[in-house]
Amino acid sequence: MIPPCDPAILEHNPQFKRLYENLTTHILDYDGSTRSRRADPTRESVAECHDNLAIVSIYLDTPSTAIELDNPLPDTQQQGQNGALSLLAPEIVAFYGHTPTLIQHVSKLLSTAIHDLRAIANTDSNTGSDDSTDYTGRPGLCQDAPAPLRDAQNHISRARARDRRVRTSMAPVAPLSSQLRDRVSNLRRVQLSDLPAARRLMATTAAEVLATQTQVLERTIVILERVKHGALARATKAKAEHLATVAQGVEGKLEVTKLEIAASLHTPETLDALRRYQQHLRNTRESLEDRRAGAIEELKRYGDVETTAETSTSSTDTDGGTMAEIARRYGVLAREVEHVRMEIARLG
């Protein structure tokens, strides 16, 4: 069963409200089962077994005095009982028809449950000797027995059940053991009281968690408002924008000053002077180029005399040597004269 939800939680959480409404109206039934698999054969078989177990539980919970023939009920109760039995007659017949296939599994489950309950309840020294028999004193339902013996005993129990069903379908049912009945009552109490209480507690805890989350979000928004979007942040942003505007103004002033300086420097007189100086530089460059060309020509001429001296030795002998040789000799003579002068000065 789907637990109800607090309307305040649904109002404060629209997305959860849409999810809850979608689950309760389109996906799940009121008992928590899904709606998309109603035609599943497995689910149909489980539902049929559930109905059969409900019939069995009704049959077992019916007091023995209500079905004893020796103690007839009053007319009103007899009519109500007959009406209920007439309505349940097809189901009872179908249940007894399927009983041979279910009795082995049911007996194993009951034997296991009774064995566990007896092991928990009986703490005296006779527990080990009583484990080989069931609650009726009949051996064969113990799990420690050999497999062939268990099969034979199960066959005997099925035969006895068929005999009892043939004798009378309204025979009194043996009451369940007190321990098993207490266990069933505890399970019902847990299902009816503890589980809803736990669900309510869980819903309350979830509501508290959501309220805490809401408070945290509110506090986060306040902190963000103070830090990022508050007065201090806006003042800092305004200062930054003011400084950026001032910087742009200074940059514009510098550009204007640059243009003014350029305009003050490039006057007509300055331009004429620059053109005259450029012409002077051009003339000077041309004169230097001419001097450079003359020097190169003179150097070439010296080079030509030297090459000519190498090819014509006769003319060199008559002329007394090339210009390079004359210069070399002059240098040698100048050094000798200087040496002699130094010797004279030293001696005198």
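In our numbering, the protein residues as written are 587 to 934. Where a beta carbon is used, it is the ideal one built from N, C-alpha and C, also for glycine.
Host alpha helix (DSSP H) of residue i (start-end)
| i | result |
| --- | --- |
| S779 | S779 -> no alpha helix (DSSP H), and no H or E assigned at all. |
| H828 | A817 to L851 |
| H612 | Here H612 belongs to no alpha helix (DSSP H), and DSSP marks it neither H nor E. |
| P590 | No alpha helix (DSSP H) contains P590, which DSSP labels as neither H nor E. |
Backbone CA spacing between residue i and residue j [nearest angstrom]
| i | j | result |
| --- | --- | --- |
| N869 | A879 | 15 Å |
| S771 | I641 | 18 Å |
| R871 | Q864 | 10 Å |
| E672 | R774 | Looking at the sequence itself, residue 672 is Ser, so the reference to Glu does not match. If you take the alpha carbons of S672 and R774, they lie about 28 Å apart. |
| E831 | A849 | Checking the sequence, you will find Thr at residue 831 rather than Glu. Their Cα atoms are separated by approximately 27 Å. |
| E607 | Q601 | 10 Å |
| E924 | I930 | 10 Å |
| R915 | I882 | 25 Å |
| A833 | T806 | 36 Å |
| R786 | S643 | 29 Å |
| V776 | L696 | 21 Å |
| M788 | L778 | 16 Å |
| L605 | Q801 | 23 Å |
| K814 | R820 | 8 Å |
| A675 | Y682 | 11 Å |
| K603 | T610 | 11 Å |
| A760 | A699 | Unreliable positioning characterises A760 in this predicted model, as indicated by a pLDDT of 46, which lies under 50. A coordinate reading is not provided. |
| S873 | R932 | 50 Å |
| H866 | L845 | 29 Å |
| L829 | L796 | 46 Å |
| D876 | R887 | 16 Å |
| L851 | L840 | 16 Å |
| A822 | I809 | According to the sequence provided, residue 822 is Thr. The question's Ala does not apply to it. Approximately 17 Å between the Cα atoms of the pair. |
| A859 | V836 | 34 Å |
Reference residue i, options the options, closest by Cα
| i | options | result |
| --- | --- | --- |
| E677 | L688, T856, L639 and A699 | L639 |
| N599 | Q799, L840 and A910 | Q799 |
| L885 | R862, L874, S873 and A910 | A910 |
| L688 | M928, C635 and A699 | C635 |
| S631 | L609, H684 and A675 | H684 |
heavy atom of the ligand NAP below 8 Å from residue i C-beta
| i | result |
| --- | --- |
| D637 | Among the components modelled here there is no ligand, and therefore nothing to report on the ligand NAP. |
Could you check whether the segment 697 to 705 touches the segment 762 to 779, counting it as contact only if at least three pairs of C-beta atoms, one from each stretch, sit closer than 8 Å? yes
Three or more C-beta pairs closer than 8 Å, one from the segment 782 to 792 and one from the segment 588 to 602: is that the case here? Between the segment 782 to 792 and the segment 588 to 602, the count of Cβ pairs shorter than 8 Å is three or higher; the stretches touch.
On the three-pair Cβ rule with 8 Å, is the segment 594 to 613 touching the segment 788 to 796? yes
Extract the residue ranges of the alpha helix (DSSP H) inside the segment 784 to 809, only unbroken runs of 4 or more that lie entirely within it. none
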